[in-house]
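Here is the structure we will look at, set down as structure tokens.
Residue numbers (the working numbering), protein chains in the order written: chain A, 3 to 87; chain B, 9 to 247.
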């Protein structure tokens, strides 16, 4: 099973990278962009095929390594497709 | 004192720290490899600066999971001395031995320059050769030194006296987070903190780079001298 984990700086925390990207977008003419948050995305192929098991495993991965809970939030999405061989 | 400097793939201040402890202060010092399973009798553990694991994921995140770090955690929990400098500070945060987290510098640049920090505690194993309120000049060199935690946690940190070094102006005055004397935007100018027990210290400035006159300053030497219990005559001799 394939999962996508997305990690973002928490909303209440100033994200200097996101702010710089927003400013750059404004500079090249994209108006009306209120805010950008720059995060990371992880595509993870798992052996587990039970979504519940997979989700628990991914939660654990996020807490232990993929995200730093002091400054980051994470989202887990299971796409249900078989992992690529 | 038996000192150990931990080497990770990507460490680059390890030899500088080794030199200060071994040659400037004459201490029994060895390198420890991050894959080691033992601290080999080390009393003072130093996690040096650099780019462990190429800063993959987050600065210090991978190094925090190295096998030797389990031993470093035990050492810290038993009251043993642990000093993390720059990337070493990031590793201590990622391990949860110190509270809070680092973010990219506010100006998004790698900052490499001398800064001024004020000594906020002179009763710690790492700082007893300094005086409270003393202003030190030390270099910083990092892209992720912007210390952050929730307001509530920062209040608790301050109340418990865990802020050890704070970025200030050259005359020791507090500076705002956006001020040039605060090189990275760190919350409340925090440059170094300790745990509640005072045996673990993390700091962004590099004391090992200002520990010999020939290198332009000795403001960092008292930190190592304090830690190895050589604050008096040895420090004078080394100076």
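Just so it is clear, CB atoms sit at the ideal spot from N, CA and C, and this is done for glycine as well.
Near the ligand PLP: residue i beta-carbon under 7 Å from a heavy atom
i, result
"residue 39 of chain B", "This structure does not include the ligand PLP; it has no bound ligands of any sort."
Where the beta strand (DSSP E) through residue i begins and ends
i, result
"residue 147 of chain B", "143-150"
"residue 10 of chain A", "4-11"
"residue 155 of chain B", "154-156"
"residue 173 of chain B", "171-175"
"residue 209 of chain B", "208-211"
Per-residue burial, residue i [other beta carbons within 10 Å of its own, 16 or more giving buried]
i, result
"residue 131 of chain B", "exposed"
"residue 178 of chain B", "exposed"
"residue 124 of chain B", "buried"
"residue 24 of chain B", "buried"
"residue 117 of chain B", "exposed"
"residue 234 of chain B", "buried"
"residue 184 of chain B", "exposed"
"residue 21 of chain B", "buried"
"residue 53 of chain A", "exposed"
Segment limits, alpha helix (DSSP H) that includes residue i
i, result
"residue 159 of chain B", "159-167"
"residue 44 of chain B", "It is not in any alpha helix (DSSP H) - residue 44 of chain B carries neither H nor E in the DSSP assignment."
"residue 199 of chain B", "Per DSSP, residue 199 of chain B belongs to no alpha helix (DSSP H); it is in the beta strand (DSSP E), 198-202."
"residue 74 of chain A", "Looking at the DSSP string, residue 74 of chain A is not in any alpha helix (DSSP H); the run it does join, the beta strand (DSSP E), is 74-80."
Minimum Cβ-Cβ distance from residue i to chain D less than 8 Å
i, result
"residue 66 of chain B", "No chain D appears in the structure shown, which is made up of the protein chains A and B."
CB contact below 8 Å: residue i versus chain A
i, result
"residue 55 of chain B", "no"
"residue 152 of chain B", "no"
"residue 116 of chain B", "yes"
"residue 108 of chain B", "yes"
"residue 69 of chain B", "yes"
Chain-order list of residues whose beta-carbon lies under 6 Å from that of residue i (same chain, five-residue window excluded)
i, result
"residue 2 of chain B", "This structure cannot speak to residue 2 of chain B, because chain B is shown only from 9 to 247."
"residue 50 of chain B", "10, 12"
"residue 170 of chain B", "201, 202"
Chain B contact for residue i (CB, 8 Å cutoff)
i, result
"residue 53 of chain A", "no"
"residue 35 of chain A", "no"
"residue 22 of chain A", "yes"
"residue 7 of chain A", "no"
"residue 73 of chain A", "yes"
"residue 15 of chain A", "yes"
Sequence-distant residues of the same chain with beta carbon closer than 8 Å to residue i, five excluded per side
i, result
"residue 46 of chain A", "4, 5, 6, 7, 60, 63"
"residue 77 of chain B", "42, 71, 99, 103"
- Could you give the uninterrupted runs of the beta strand (DSSP E) lying entirely in the region 25-58 of chain A, keeping only those of 3 residues or more? 42-47
- Runs of beta strand (DSSP E) lying entirely within the region 15-87 of chain B, each at least 3 residues, in chain order: Runs found: 36-41, 52-55.
- Segments of 3+ residues assigned as beta strand (DSSP E) that fall wholly inside the region 90-114 of chain B: 109-111
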